[in-house]
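Novice:
Numbering (our numbering), first residue to last: 335 to 497.
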């Protein structure tokens, strides 16, 4: 699996994938959502739930041409659209996108560098993104490897409503 990221206004990423020129290679990402659910002691029904909390998305990438701009965005950037795609190996012609996250009004809320003199690769950067809304587009594939109709869901944390 490969992961690629595009941040609105940053087109100098070093991804080598022909379908994602200028995008950023991502090593890994972590993201989730949660909401508080409460119930009376001993009760099996009547639970109450609070608003969903969109947790920040954290990803790791190697230092590259986009690093100075990501640092600047962490210090004083404004909200942008960020797209993350997860791909699987396709038949014959490269990677097929099976999941896309689109983040609206995303801010770079964290930027960390992890450099080690013993490493033979470039330093690793941890980038944290805070965002107002997220849309997920999942593309299932059949047994023959053909794409089926995508499943699209979204949530806007500012309004606490589905997109």
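Cβ atoms here follow ideal geometry from the backbone N, Cα and C, with glycine treated the same way.
Suppose the cutoff is 8 Å on Cβ atoms and the five residues either side in sequence are ignored; what does the same chain contact list for residue 382 look like?
Specialist: The residues are 371, 372, 373.
Novice: Pairs of beta-carbons, one from the region 442 to 454 and one from the region 354 to 370, closer than 8 Å: are there three or more?
Specialist: No, they do not touch.
Novice: Roughly how many whole angstroms lie between the Cα atoms of residue 473 and residue 455?
Specialist: Straight-line Cα distance between these residues: approximately 33 Å.
Novice: Going by alpha carbons, who is nearest to residue 340 out of 350, 415, 364?
Specialist: The shortest Cα separation from residue 340 among 350, 415, 364 belongs to 415.
Novice: Under 8 Å by Cβ, that's how I've got residue 355 and residue 397 pegged, so tell me the actual separation to the nearest angstrom.
Specialist: Their Cβ separation, rounded to whole angstroms, is 20 Å, which puts residue 355 and residue 397 out of contact at 8 Å.
Novice: Which one or two residues does DSSP pair with residue 471 in a beta bridge?
Specialist: Answer is 434, 486.
Novice: Taking the straight line between their C-alpha atoms, what separation do you get for residue 420 and residue 394?
Specialist: Residue 420 and residue 394: Cα-Cα distance of roughly 14 Å.
Novice: Leaving out five residues on either side along the sequence, give the residues of the same chain with a beta carbon under 6 Å from the beta carbon of residue 384.
Specialist: Taken in chain order, the residues that qualify are 369, 370.
Novice: Helix, strand or coil: which one does DSSP assign to residue 452?
Specialist: Looking at residue 452 - three-state DSSP - the assignment turns out to be coil, as it is neither helix nor strand.
Novice: Starting from residue 408, trace the alpha helix (DSSP H) in both directions and tell me its first and last residue.
Specialist: That run of the alpha helix (DSSP H) goes 401 to 410.
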